[in-house]
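Step one of this worksheet: look at the structure below.
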Amino acid sequence: MLAPATRLGARNVSRMLPKAFAARGMATEKQLFQQITSTKNIMKITSSMKMVSAAKLKGDENRLHAARPFNKWGENISGEATLLEDGFGSGFEDIPDNCLIVPLTSDKGLCGGVNSFISRGIRDMCKKLDADGKSSNIVVIGDKGRSQMRRTVGEKIKISATEVVTPYSFDLASAITAEVLAAGNDYSGICLVYNQFVNSATYVQVYKVLKPMESTGTDEAMVSYEFEPDIKNEVLEDLGEYMLCSQLYHAMMEAAASEQSARMAAMENATKNAGEMVDSLTLQYNRARQARITTELIEIISGASAIEG
């Protein structure tokens with residue numbers, strides 16, 4: 005039984021071992037080494053992306069703090085944002101019968117559930133509104149949200165804004181507001197849906213309904229001021245546009261901070277998982293290497309013993 009191994013030699017046997025391992029579906033040393041190297045490279049990338057997101061998050065937090073005054077005066081008119089899950093409990097009673105929904109998502113991925121939570125919420129919201137006999141259409145901001153919502157509520161999407169320049173600015177919010185108003189002149193309300201930043205580890209999904217300012221009737225705005233009818237209509241129209249722009253700007257700042265915090269957490273988890281995978285692959289590699297060395301030693305000793313015998 006030892007004669008074939010003796011004739012082949014220990015070196016030739018060791019060359020045959022990887023083929024034998026591959027035939028049984030086991031990874032060879034070379035394959036394990038390549039996996040370890042590639043996983044370490046991925047770990048370096050995810051670690052770098054985490055640090056980049058942490059730096060961007062600091063800037064987004066500063067811009068968010070600067071944008072909150074724009075939100076304060078608007079809250080006095082439109083009210084505070086409502087948690088999306090609370091809206092499902094109340095049946096979205098505050099949303100008018102004919103509404104334009106504006107969800108804010110990101111253009112880039114690798115940021116956890118930031119986009120999927122919004123897309124799932126929009127899908128369920130539209131289903132609930134349709135069941136209640138309310139009509140709705142969508143103007144989606146962000147490429148990831150567009151691709152996800154196109155599969156479920158694609159017939160409701162009127163326009164989409166993708167490849168939005170970051171970091172967001174008030175000028176950008178003004179340009180998007182113009183597009184939203186162009187698509188939403190015939191609607192009785194605009195509903196912003198976005199991720200609200202809580203802290204670096206938490207964000208929640210909220211929505212805010214913005215209704216046009218009426219110059220007459222029970223919902224008349226600015227009743228304490230006296231205007232000529234034509235002037236009042238113009239003032240309320242301009243004020244309504246500015247309120248929508250300021251609220252959209254604040255929502256974009258909230259969404260940007262939530263995106264970076266989620267990406268930072270996702271890259272941290274990815275780095276941790278890659279490290280655990282490297283440890284596991286290294287253990288397999290060491291075992292395979294030890295098995296090969298042990299087999300070679302056995303073959304050498306057996307061959308020497310056969311020669312001596």
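Residue numbers (my numbering): 5 to 313.
Using N, Cα and C, we set each Cβ at its ideal position, and we do this for glycine too.
> What residue from 67, 130, 252 has the CA that sits closest to residue 158's CA?
Replying inline: Just measuring C-alpha positions, the residue of 67, 130, 252 sitting nearest residue 158 is 130.
>> Only counting the same chain, and skipping five residues up and downstream in sequence, which positions put a Cβ closer than 7 Å to that of residue 216?
In response: 244, listed in sequence order.
> Going by the beta-carbon positions, is the gap between residue 251 and residue 75 smaller than 9 Å?
Replying inline: Yes, these two residues count as a Cβ contact at 9 Å.
> Quick one: is residue 107 buried, meaning 16 or more other Cβ sit within 10 Å of its Cβ, or exposed?
Replying inline: A buried status is given to residue 107, since no fewer than 16 other beta-carbon atoms sit within 10 Å of its beta-carbon.
> How is the alpha helix (DSSP H) around residue 187 delimited, first residue to last?
Replying inline: 174-187 is the extent of the alpha helix (DSSP H) around residue 187.
> Which of helix, strand or coil does DSSP assign to residue 286?
Replying inline: Residue state, collapsed to three classes: helix.
> How many whole angstroms separate the CB atoms of residue 64 and residue 270, which I take to be in contact at a CB cut-off of 8 Å?
Replying inline: With a Cβ gap of about 16 Å, residue 64 and residue 270 do not count as contacting.
> Looking at the C-beta of residue 246, does it have a partner C-beta in chain C at a distance below 9 Å?
Replying inline: Within the model displayed, chain C is absent; a lone protein chain is all it includes.
> Which residues in the same chain have their Cβ closer than 7 Å to the Cβ of residue 312, if we skip the five residues on either side of it in sequence?
Replying inline: Take residue 312, set aside five residues on each side of it, and no residue of its chain has a beta-carbon closer than 7 Å to its own.
> Can you name the start and end residues of the alpha helix (DSSP H) that residue 1 belongs to?
Replying inline: Residue 1 lies beyond the residue range present for the chain, which begins at 5 and ends at 313; the question has no answer from this structure.
> Between the segment 124-138 and the segment 161-169, are three or more C-beta pairs nearer than 8 Å?
Replying inline: They do not touch, by the three-pair rule.
> Since residue 44 is in the alpha helix (DSSP H), which residue starts that stretch and which ends it?
Replying inline: Element bounds for residue 44: 33-82.
> Alpha carbon to alpha carbon, how far is residue 100 from residue 191?
Replying inline: It is roughly 9 Å from the alpha-carbon of residue 100 to the alpha-carbon of residue 191.
> Which residues in the same chain have their Cβ closer than 8 Å to the Cβ of residue 44, if we skip the five residues on either side of it in sequence?
Replying inline: Around residue 44: 278, 282.
>> Comparing C-alpha positions only, which one of 246, 274, 128 sits nearest to residue 153?
In response: The shortest C-alpha separation from residue 153 is found at 128.
>> In the DSSP assignment, the beta strand (DSSP E) including residue 92 goes from what residue to what residue?
In response: Unbroken run through residue 92 is the alpha helix (DSSP H), 88-94; no beta strand (DSSP E).
>> Here's the rule I'm using: 16 or more other beta-carbon atoms within 10 Å means buried, otherwise exposed. How should residue 55 be labelled?
In response: Result: exposed.
>> Give me, in chain order, the residues of the same chain whose beta-carbon lies closer than 6 Å to that of residue 196; leave out the 5 immediate sequence neighbours on both sides.
In response: Closer than 6 Å at the Cβ level, and outside the excluded window around residue 196, lie 106, 212, 255.
>> Within a Cβ cutoff of 8 Å, which residues of the same chain sit near residue 185, ignoring the five residues on either side of it in sequence?
In response: The residues are 245, 248.
>> Just to confirm before moving on: does the CB-CB distance between residue 295 and residue 32 stay below 9 Å?
In response: For residue 295 and residue 32, no; Cβs fall outside 9 Å.
> Can you tell me whether residue 238 is buried or exposed, with buried defined as 16 or more other CB within 10 angstroms of its CB?
Replying inline: Exposed is the label assigned to residue 238, since fewer than 16 other Cβ atoms lie within 10 Å of its Cβ.
> For the beta strand (DSSP E) that residue 112 lies in, which residues bound it at each end?
Replying inline: That residue, residue 112, is in no beta strand (DSSP E); it is neither H nor E in DSSP.
>> Could you pull the DSSP bridge partners for residue 198 from this structure?
In response: Residue 198 is bridged to 210.
>> Considering only their Cβ atoms, is the gap separating residue 118 from residue 272 smaller than 9 Å?
In response: No, they are not a contact pair.
>> Quick check on DSSP: helix, strand or coil for residue 274?
In response: Residue 274: helix per DSSP, three-state reduction.
>> For residue 199 and residue 297, what's the separation of their Cα atoms in angstroms?
In response: As the crow flies, the alpha-carbon of residue 199 is around 56 Å from that of residue 297.
>> Applying the 10 Å Cβ sphere with the 16-neighbour rule, what's the burial state of residue 68?
In response: Residue 68 is buried by the Cβ-count criterion.
> If we count Cβ pairs, one from each stretch, closer than 8 Å, do we get three or more for the segment 78-96 versus the segment 168-176?
Replying inline: Inter-segment contact for the segment 78-96 and the segment 168-176 is absent: fewer than three beta-carbon pairs are separated by less than 8 Å.
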